[in-house]
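**Q** Submitted below is the structure of interest, expressed as structure tokens.
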Amino acid sequence: MGEYEDIFRASTDDPEGFWLRAAEAIDWHVPPTRALDGSRPPFYRWFPDGELNVCHNALDRHVEARGDQPALVYDSPVTRTQRTYTYRQLRDEVARFAGVLAGLGVGRGDRVVIYMPMVPEAAIAMLACARIGAIHSVVFGGFAPKELAVRIDDAAPSVIVSASCGIEGKRVIEYKPLLDKAVELAEHKPGKRVILQRPEAEAAMGPDDVDWADAVAAAEPADCVPMRATDPLYILYTSGTTGKPKGVVRDGGGYAVALAWSMPNLYDVGPGETIFTGSDVGWVVGHSYIVYAPLLAGATTVLYEGKPVGTPDAGQYWRVVAEHGVKSVFTAPTAFRAIKKEDPDGEFARQYDISGLKYLFLAGERLDPETHRWASELLGIPVIDHWWQTETGWPIVANPAGIELLPIKPGSPTRPLPGWDVQVFDTSGRPVEPGTDGAIVVKLPMPPGSLPTLWNDDERFVASYMSAFDGYYLTGDGGHLDEDGYVYVMGRTDDVINVAGHRLSTGGMEEVLASHPAVAECAVIGVADAMKGQIPRGFVVLKAGVEVDEEQLRAELVQLVRDQVGAVASLRDVAVVPALPKTRSGKILRKTMRGIADGADEPVPSTIDDPAVLDALRPVLRRA
Numbered sequence: 001m002g003e004y005e006d007i008f009r010a011s012t013d014d015p016e017g018f019w020l021r022a023a024e025a026i027d028w029h030v031p032p033t034r035a036l037d038g039s040r041p042p043f044y045r046w047f048p049d050g051e052l053n054v055c056h057n058a059l060d061r062h063v064e065a066r067g068d069q070p071a072l073v074y075d076s077p078v079t080r081t082q083r084t085y086t087y088r089q090l091r092d093e094v095a096r097f098a099g100v101l102a103g104l105g106v107g108r109g110d111r112v113v114i115y116m117p118m119v120p121e122a123a124i125a126m127l128a129c130a131r132i133g134a135i136h137s138v139v140f141g142g143f144a145p146k147e148l149a150v151r152i153d154d155a156a157p158s159v160i161v162s163a164s165c166g167i168e169g170k171r172v173i174e175y176k177p178l179l180d181k182a183v184e185l186a187e188h189k190p191g192k193r194v195i196l197q198r199p200e201a202e203a204a205m206g207p208d209d210v211d212w213a214d215a216v217a218a219a220e221p222a223d224c225v226p227m228r229a230t231d232p233l234y235i236l237y238t239s240g241t242t243g244k245p246k247g248v249v250r251d252g253g254g255y256a257v258a259l260a261w262s263m264p265n266l267y268d269v270g271p272g273e274t275i276f277t278g279s280d281v282g283w284v285v286g287h288s289y290i291v292y293a294p295l296l297a298g299a300t301t302v303l304y305e306g307k308p309v310g311t312p313d314a315g316q317y318w319r320v321v322a323e324h325g326v327k328s329v330f331t332a333p334t335a336f337r338a339i340k341k342e343d344p345d346g347e348f349a350r351q352y353d354i355s356g357l358k359y360l361f362l363a364g365e366r367l368d369p370e371t372h373r374w375a376s377e378l379l380g381i382p383v384i385d386h387w388w389q390t391e392t393g394w395p396i397v398a399n400p401a402g403i404e405l406l407p408i409k410p411g412s413p414t415r416p417l418p419g420w421d422v423q424v425f426d427t428s429g430r431p432v433e434p435g436t437d438g439a440i441v442v443k444l445p446m447p448p449g450s451l452p453t454l455w456n457d458d459e460r461f462v463a464s465y466m467s468a469f470d471g472y473y474l475t476g477d478g479g480h481l482d483e484d485g486y487v488y489v490m491g492r493t494d495d496v497i498n499v500a501g502h503r504l505s506t507g508g509m510e511e512v513l514a515s516h517p518a519v520a521e522c523a524v525i526g527v528a529d530a531m532k533g534q535i536p537r538g539f540v541v542l543k544a545g546v547e548v549d550e551e552q553l554r555a556e557l558v559q560l561v562r563d564q565v566g567a568v569a570s571l572r573d574v575a576v577v578p579a580l581p582k583t584r585s586g587k588i589l590r591k592t593m594r595g596i597a598d599g600a601d602e603p604v605p606s607t608i609d610d611p612a613v614l615d616a617l618r619p620v621l622r623r624a
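Be aware that the sequence shown starts at 1, since it is given in the UniProt record's numbering, and climbs by one per residue.
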């Protein structure tokens, strides 16, 4: 571990020098002379005297060296189309759309809400905002009007960029009626709305609507505007919020430096190499590793419009890898559980030449050891779990493939990356012994790229993240460190249940259930119990083609948990269900399930992927 240890120690012993050296990978209009302004904790600011333009760093500076290299590959099995943009072509498209925005009065510091499907124009709109110093706020395409409206009110955009429709699996979802309703509900009324017309559903245009194609054809290209490193690049609202959403702010300078560092050092992807990130631009993963990081690194990014299964089959990820020469894949564990469920023997993977694939990176939720084992055996390459959050912007804990591949321990995303001082505390704020679960925290200051505050809400920023333990960021996740400093993230702290005075991790029980050969994926929730306070209930989805006696399976699963967790776990109730309710980013809606099971009138979360799955599960959750 020598090289990793040396680099990590350098980042903690001399963070100022470490990050100023990392900043040399970026083009600056005014190079920073210092890395950190810590004069107003916990409001730390990185590269406070530097000036740059993130779009210039992502596109313009690459055009001379690699203008004809693919920058972005659009692969859409749902529309049966593919399109490739070279760096020069993408720069020109972005400059012209930046001219459209400027022509609509958008300038430095103005907000633009982007409500788009997974099409190249979504990335073009993001980069165009960055080019002219506007602040973009991407809202997942298809979000309900009420949820979109509260984001419009919070961000107060001068322009909204949208499309006529998105395609979710086999469904065409018309966006324009949703957008019109959201604008009607919102107190803030934006100016113009730029609409990309798609052939699958044409939108009816109103007096405030501007056709994307017509506007681009008439626009003059816009140049990059120098921005302070501490100026906001974007606002991204955390998923699942109710009432006034939390708008995570990302500054341009720290974000660009952190992402540029992470591409070669973590993902082992450099100029001319290809990364395929199976996510959505509505999530932080899409912002960081579909759009910004690959382009900052001079790599090729694949923007995929489709699902891991069902569009049309469980082999689409392997097809993308084979056709586009992908070196690293990054997606969520739930995508691989879906592939495993549909194709448990990995037949589709053998139909394509995926020999160029060197790494599989998984994040977004806990990677259970069984899914890790299945993917590792199928692919024969390092399967790298890593852990981070919307708030942090890039990974906190990971196996740094580009520095040194550390020994893999299934169940752990490995060790903290440079800049992240991760500790585990008990409720009184004292560090716990290795192997003991507690609250995972990060010592301040956090490294570049992490959130400096929430949009227009410094008070909530402090209350939500910085007030539990003085001098530390509260991640909201629970887990432990082992003797080697490996981090084990067992789930959100509210996924720790109290059974007759014993604090037990539902993630640990899920790990046991997932090890059964018939189980594709599972969830364990703690529900209220008059005698024990809480008791766990398990829900399992079977692999495709598996035929079992459900009573026998339940007995086997209960015994497994008893053997590996202990009788104190009191897991007696395991239900076999067709599917688990999830967000569109693939996170299982455990909190919602728990509320329904406890008898609460739980609303359908705005981030849900398929409400019908939750509706079908309600009777099972509500039974005594």
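Yeah, the Cβ is synthetic: ideal placement off N, Cα and C, and Gly gets one too. The structure displayed is predicted, hence computed values, not measured ones.
Return the chain-ordered ranges of every beta strand (DSSP E) run that is complete within the segment 504-561 and spans a minimum of 3 residues.
**A** 519-529, 533-542
**Q** Based on DSSP bridge pairs, tell me the residues matched to C165.
**A** E174
**Q** Is the beta carbon of W388 less than 8 angstroms from the beta carbon of I235?
**A** no
**Q** Out of E147, P31, A144, D180, state which residue places its alpha-carbon closest to the alpha-carbon of G206.
**A** For G206, the nearest C-alpha among the options comes from D180.
**Q** Within its chain, find whatever has a CB closer than 7 angstroms to the CB of I596; leave out the 5 residues flanking it on each side and keep chain order.
**A** The residues are E602, R618, L621, R622.
**Q** Enumerate in chain order the residues of its own chain whose CB-to-CB distance from A258 is below 7 angstroms, with the five nearest sequence positions on each side excluded.
**A** G393, W394, P447, P448, G449.
**Q** In chain order, what residues of the same chain lie with their CB nearer than 6 angstroms to the CB of F47, ignoring the 5 residues before and after it?
**A** P32, A229, G253
**Q** Determine the direct distance from the alpha carbon of D609 to that of residue 634, and round the result to whole angstroms.
**A** The structure shown does not extend to residue 634, since the chain spans only 1 to 624, so no value can be given for it.
**Q** Could you check how far apart the C-beta atoms of V326 and I381 are, in whole angstroms? I think they sit under 8 angstroms.
**A** Going by Cβ atoms, the distance from V326 to I381 rounds to 12 angstroms, so no, they are not a contact pair.
**Q** Can you grab the Cα-Cα spacing for the pair A612 / A544, in whole Å?
**A** Taking the straight line from one Cα to the other gives about 20 angstroms.
**Q** Find out if the Cβ-Cβ distance for the pair P226, E51 is shorter than 8 angstroms.
**A** Closer than 8 angstroms, so yes.
**Q** Across the segment 164-171 and the segment 188-207, are there enough close Cβ pairs to call them in contact, namely three or more that are closer than 8 angstroms?
**A** Contact between the segment 164-171 and the segment 188-207 is present, because at least three Cβ pairs lie under 8 angstroms.
**Q** What residue does the beta strand (DSSP E) around M490 start on, and which one ends it?
**A** 487-492
**Q** Y139 and Y115 look like a contact to me (Cβ under 8 angstroms); what is the Cβ gap, rounded to whole Å?
**A** A small correction: the amino acid at residue 139 is Val; Tyr does not occupy that position in the sequence shown. Contact flag correct, Cβ pair sits at about 5 angstroms.
**Q** Looking only at its own chain, which residues have a Cβ that is under 6 angstroms from the Cβ of T241, when we skip the five neighbours before and after it?
**A** Reliability fails at T241, whose pLDDT of 38 lies under 50, so the model's placement of it is uncertain and no value is given.
**Q** Please report the straight-line C-alpha distance between residue 626 and P70, rounded to a whole angstrom.
**A** Residue 626 lies beyond the range of the chain shown here (1 to 624); nothing can be said about it.
**Q** Flag this pair as yes or no: are the beta carbons of P369 and E556 separated by less than 8 angstroms?
**A** no
**Q** Could you pull out every unbroken alpha helix (DSSP H) segment of at least 4 residues lying fully inside the segment 28-91, listed in chain order?
**A** For the segment 28-91, whole alpha helix (DSSP H) runs of length 4 or above, ordered along the chain, are 61-66.
**Q** Go through its chain and collect everything with a Cβ distance to V100's Cβ below 7 angstroms, but skip five positions before and after it.
**A** V194, A215, V216, A219
**Q** Look at D49 and R34 and say whether their C-beta atoms are less than 8 angstroms apart.
**A** yes
**Q** Let me check one thing: in DSSP terms, what residues is G438 bridge-paired to?
**A** BP columns for G438 point to G479.
**Q** Could you tell me which of D421, V281, V73 sits nearest to A10, measuring between CA atoms?
**A** Closest by alpha carbon: D421.
**Q** What are the boundary residues of the alpha helix (DSSP H) that Q316 is part of?
**A** 316-324
**Q** Going by beta-carbon coordinates alone, are V424 and I440 separated by less than 8 angstroms?
**A** Yes; because the gap between Cβ atoms is below 8 angstroms, this pair is in contact.
**Q** Is the segment 468-481 in contact with the segment 264-284, if contact means three or more CB pairs nearer than 8 angstroms?
**A** no
**Q** Please go through the same chain and pick out, in chain order, the residues whose beta-carbon is closer than 7 angstroms to the beta-carbon of I26, but skip the five residues on each side of it.
**A** Once the five neighbours on either side are set aside, the close Cβ partners of I26 are L52, N57, A256, V257, A260.
**Q** Q559: buried (16+ other C-beta within 10 angstroms of its C-beta) or exposed?
**A** exposed
**Q** Let me know the secondary structure DSSP gives G286 once reduced to three states.
**A** helix
**Q** Report the option in D75, E551, A130, V172 whose CA atom is closest to the CA atom of T277.
**A** D75
**Q** Within 10 angstroms of its Cβ, does S288 collect 16 or more other Cβ (buried), or is it exposed?
**A** buried
**Q** Please name the residue or residues paired with Y4 in a DSSP beta bridge.
**A** Bridge partners of Y4: none, in fact.
**Q** Taking C-beta to C-beta, are A293 and G270 nearer than 8 angstroms?
**A** Not closer than 8 angstroms, so no.
**Q** To the nearest angstrom, how far is it from the Cα of R584 to the Cα of T475?
**A** 22 angstroms
**Q** Could you work out which residue in A98, F97, V577 is closest to R537 when comparing CA atoms only?
**A** For the residues A98, F97, V577, the minimum Cα distance to R537 belongs to V577.
**Q** Is S137 buried or exposed, if buried means 16 or more other CB atoms sit within 10 Å of its CB?
**A** Burial is judged here by how many other beta carbons sit within 10 angstroms of a residue's own beta carbon; S137 has at least 16 and is buried.
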